[in-house]
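Peer 1: There's a structure below that I have some questions on.
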Amino acid sequence: MRIAPVQRTEGDGRLELACEVSHEDGSPTDILWYRVDARHESHLTDVMDPFLLAALFLAMRKGEDLHVEGSVTATLLENLEEFQAAWVQWRPDRYSVVGLSADREVPDRARSDARPAVQTFSGGVDSAFTTIRHVKKAAGRGSYDLTGAVMVHGFDIPLEERKAYDALYARSVPLLQGVGVELLPVTTNFRKLWHSDLSHWEDAFATGMASVLTLFSGKYEHGIVASSEPYGSLVLPWGSNPMTDWMLSGGRIRMHHDATGIERSDKVAGLARLWPEGADNLRVCWQGEQKDRNCCRCEKCIRTILNFKVSDSPLPRAFPHDVTPGQIRSLRGLAEAHVNPLRQILATARKRKVTAEWVDALADCIAANEEEIARGVTYEGGFPLLASVEAKV
Numbered sequence: 002m003r004i005a006p007v008q009r010t011e012g013d014g015r016l017e018l019a020c021e022v023s024h025e026d027g028s029p030t031d032i033l034w035y036r037v038d039a040r041h042e043s044h045l046t047d048v049m050d051p052f053l054l055a056a057l058f059l060a061m062r063k064g065e066d067l068h069v070e071g072s073v074t075a076t077l078l079e080n081l082e083e084f085q086a087a088w089v090q091w092r093p094d095r096y097s098v099v100g101l102s103a104d105r106e107v108p109d110r111a112r113s114d115a116r117p118a119v120q121t122f123s124g125g126v127d128s129a130f131t132t133i134r135h136v137k138k139a140a141g142r143g144s145y146d147l148t149g150a151v152m153v154h155g156f157d158i159p160l161e162e163r164k165a166y167d168a169l170y171a172r173s174v175p176l177l178q179g180v181g182v183e184l185l186p187v188t189t190n191f192r193k194l195w196h197s198d199l200s201h202w203e204d205a206f207a208t209g210m211a212s213v214l215t216l217f218s219g220k221y222e223h224g225i226v227a228s229s230e231p232y233g234s235l236v237l238p239w240g241s242n243p244m245t246d247w248m249l250s251g252g253r254i255r256m257h258h259d260a261t262g263i264e265r266s267d268k269v270a271g272l273a274r275l276w277p278e279g280a281d282n283l284r285v286c287w288q289g290e291q292k293d294r295n296c297c298r299c300e301k302c303i304r305t306i307l308n309f310k311v312s313d314s315p316l317p318r319a320f321p322h323d324v325t326p327g328q329i330r331s332l333r334g335l336a337e338a339h340v341n342p343l344r345q346i347l348a349t350a351r352k353r354k355v356t357a358e359w360v361d362a363l364a365d366c367i368a369a370n371e372e373e374i375a376r377g378v379t380y381e382g383g384f385p386l387l388a389s390v391e392a393k394v
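In the numbering used here, the protein residues as written are 2 to 394.
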């Protein structure tokens with residue numbers, strides 16, 4: 002595989018960075034692109050690191066060495082060798098180690114003492130907690146000068162759903178401005194081009210996030226990705242994790258996997274305490290019809306509602322409907338990655354001696370899905386089912 006030099010096109014206040022990716026096996030040439038606001042041009046990187054990160058999993062899947070026609074930092078090339086070693090051990094049936102090269106290998110940029118940082122921001126619990134954690138310097142020596150956040154159109158909100166993205170972005174801009182963080186909009190075809198199926202996306206989404214953060218390494222020296230699971234309940238292999246996220250660092254920006262020592266229910270409690278406006282504007286849903294708000298029926302919505310319940314925090318306005326025990330029991334089609342955070346909630350509830358009816362319903366839900374997983378039961382589309390509207394008890 003070869004990544005051609007970046008082509009820049011500007012129009013209507015937007016700047017598109019695109020490159021051709023050609024394949025050794027004769028497959029049609031792909032066009033990978035990112036679109037950013039032209040006003041952020043000075044934030045952009047001077048190397049090809051973002052495009053190498055984006056194409057990596059495809060090259061590993063095809064078993065083709067990957068060459069970049071341009072400059073790549075030597076640090077990224079070194080780190081991606083170790084990154085590949087981990088993923089080939091985790092998924093030997095899916096990936097192979099490939100050679101990585103570039104026309105020019107460039108050294109690291111000297112770092113400042115200010116530690117300027119940018120994070121990925123989806124509007125969910127993990128990213129919102131990371132925002133306020135660093136703004137409030139609540140991460141101790143691990144706190145960074147967080148002044149930027151990237152919201153990506155084309156990841157969890159599909160490219161064809163522009164209105165949903167625009168609505169979420171418009172709502173999030175003043176929210177983040179209120180805590181001194183600039184929201185940077187990015188649109189990319191990364192997922193749609195190479196990782197539209199769920200299995201490959203769950204492996205590759207961290208390289209997509211790191212690619213977008215690295216895009217802005219002309220200004221920021223640190224990229225922060227919020228953790229999705231705590232150390233005590235890690236699910237491996239999983240695209241973003243504390244073992245391999247740092248390996249996506251290059252010579253222009255260092256990647257950090259944030260707040261792995263904090264369970265999600267404690268993140269919810271911290272968010273409700275430190276940033277109630279952030280809690281009121283949460284957007285965790287990826288299955289509902291309107292992607293800019295929460296449906297309160299998918300597994301992610303229900304899981305988050307239960308996080309608030311178990312942390313004894315009030316349900317924020319972001320969730321207009323509570324969940325019933327019957328709806329919890331009706332959840333089916335959950336994979337191990339979905340059941341694992343539910344187990345954490347149940348363990349926390351029992352540790353805190355919560356006796357509400359939802360706790361028993363959650364135990365039933367977990368047991369039913371574990372039994373289906375053991376039997377290999379799958380549902381049409383491969384996605385979790387939405388909770389039944391009719392289920393009340």
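Quick reminder that beta carbons are idealized off the backbone N, C-alpha and C, glycines included.
(1) Exposed or buried, Pro1, counting other C-beta atoms within 10 Å across all chains shown (16 or more means buried)?
(2) Of the residues Leu77, Asn190, Gly143 and His41, which one's Cα is nearest the Cα of Val153?
(3) Roughly how many whole angstroms lie between the Cα atoms of His339 and Val107?
(4) Mind checking which residues open and close the alpha helix (DSSP H) that includes His135?
(5) Between which two residues does the beta strand (DSSP E) carrying Tyr145 extend?
(6) Could you check the C-alpha separation between Gly421 and Ser197 for me, to the nearest Å?
(7) Measuring CA to CA, which of Gln85, Arg284, Asp323 and Glu372 is closest to Trp247?
(8) By Cβ distance below 8 Å, which residues in the same chain neighbour Glu161 in space, the five residues on each side in sequence not counted?
(9) What is the DSSP secondary structure of Tyr221, reduced to helix, strand or coil?
(10) In angstroms, rounded to a whole number, what distance separates the CA positions of Val99 and Ala357?
(11) Of all the options Gly71, Ala364, Asn341 and Ser218, which has the alpha carbon lying nearest to the alpha carbon of Val119?
(12) Identify every run of the alpha helix (DSSP H) within the segment 315-355, keeping only runs that are complete inside it and at least 4 residues long; order them along the chain.
(13) Could you tell me the distance, in whole angstroms, from the CA atom of Gly12 to the CA atom of Gly155?
(14) Check each candidate in Gln288, Ala211, Ala375 and Ser28 and name the one with the smallest Cα separation from Met2.
(15) Quick check: Arg92 and Pro238, are their CB atoms within less than 8 Å of each other?
(16) Report yes if the CB atom of Leu169 is closer than 8 Å to the CB atom of Gln288, and no otherwise.
(17) Cα-Cα, which of Gln291, His322 and Glu290 is closest to Thr469?
(18) How far does the beta strand (DSSP E) with Leu18 in it extend, from its first residue to its last?
(19) Using a Cβ-Cβ cut-off of 8 Å, state whether Ala115 counts as contacting chain C.
(20) To the nearest angstrom, how far is it from the Cα of Leu126 to the Cα of Lys310?
(21) Which of the three DSSP states, helix, strand or coil, is assigned to Thr10?
(22) Please classify Gly233 as buried or exposed, where buried requires at least 16 other C-beta atoms within 10 Å of its C-beta.
(23) Which same chain residues, not among the five before or five after Ala19, have their C-beta less than 6 Å away from its C-beta?
(24) Is the separation between the beta-carbon of His258 and that of Val226 shorter than 8 Å?
(25) Taking the alpha-carbon positions, what's the Ile4 to Asp104 distance?
(26) Locate the alpha helix (DSSP H) running through Met210, then write down its first and last residues.
(27) Is the distance from the Cβ of Leu81 to the Cβ of Leu101 below 8 Å?
(28) Looking at Asn295 and Cys302, is the spacing between their C-beta atoms short of 8 Å?
(29) If we call anything under 8 Å between Cβ atoms a contact, is Leu347 one with Val360?
(30) To the nearest whole angstrom, what separates the beta carbons of Arg95 and His223, a pair I think is in contact under 8 Å?
(31) Looking only at its own chain, which residues have a Cβ that is under 8 Å from the Cβ of Ala39, when we skip the five neighbours before and after it?
Peer 2: If we stick to the structure as given:
(1) A question about residue 1 goes unanswered here, because the residues of the chain that appear run from 2 up to 394.
(2) Among Leu77, Asn190, Gly143 and His41, the Cα nearest to that of Val153 is on Asn190.
(3) The alpha-carbon atoms of His339 and Val107 are separated by roughly 41 Å.
(4) It spans Val126 to Val136 - the alpha helix (DSSP H) in which His135 sits, taken as one unbroken run.
(5) Premise fails: Tyr145 is in no beta strand (DSSP E) and is neither H nor E.
(6) Residue numbering for the chain in the displayed model covers 2 to 394; residue 421 lies beyond these limits and cannot be assessed.
(7) For Trp247, the nearest C-alpha among the options comes from Gln85.
(8) Excluding residues up to 5 positions away in sequence, nothing lies with its Cβ nearer than 8 Å to the Cβ of Glu161 in the same chain.
(9) Look at Tyr221 here: in three-state DSSP terms it is coil, with no helix or strand label.
(10) In a straight line, the C-alpha of Val99 is about 53 Å away from that of Ala357.
(11) Here the closest residue by C-alpha is Ser218.
(12) List check, alpha helix (DSSP H) in window: 326-331 and 337-352.
(13) Put simply, the backbone Cα of Gly12 is about 20 Å away from that of Gly155.
(14) It is Ser28 whose Cα lies nearest to the Cα of Met2.
(15) Arg92 is a Cβ neighbour of Pro238, given a cutoff of 8 Å.
(16) Going by beta carbons, Leu169 and Gln288 fall outside the 8 Å limit.
(17) Not covered by the structure: residue 469. The range shown for the chain is 2 to 394.
(18) Note, Leu18: beta strand (DSSP E), Arg15 to Ser23.
(19) In the structure shown, chain C cannot be found, because there is only a single protein chain.
(20) A small correction: the amino acid at residue 126 is Val; Leu does not occupy that position in the sequence shown. When rounded, the distance between both Cα atoms is 14 Å.
(21) Thr10: strand per DSSP, three-state reduction.
(22) Looking at its Cβ environment, which holds fewer than 16 other Cβ atoms inside 10 Å, Gly233 is exposed.
(23) Cβ neighbours of Ala19 beyond the five flanking positions: Gln8, Ile32 and Trp34.
(24) Closer than 8 Å, so yes.
(25) Their backbone Cα atoms lie some 11 Å apart in a straight line.
(26) Where Met210 is concerned, the enclosing alpha helix (DSSP H) stretches over Leu199 to Leu216.
(27) Yes, the pair counts as a contact, with Cβ atoms nearer than the cut-off.
(28) Contact annotation: Cys302 and Asn295 have beta-carbon atoms nearer than 8 Å.
(29) The Cβ-Cβ distance between Leu347 and Val360 falls below 8 Å.
(30) The beta-carbon separation of Arg95 and His223, rounded to 31 Å, does not stay under the 8 Å limit for a contact.
(31) Result list for Ala39: Glu11, Gly14, Arg15 and Leu16, in chain order.
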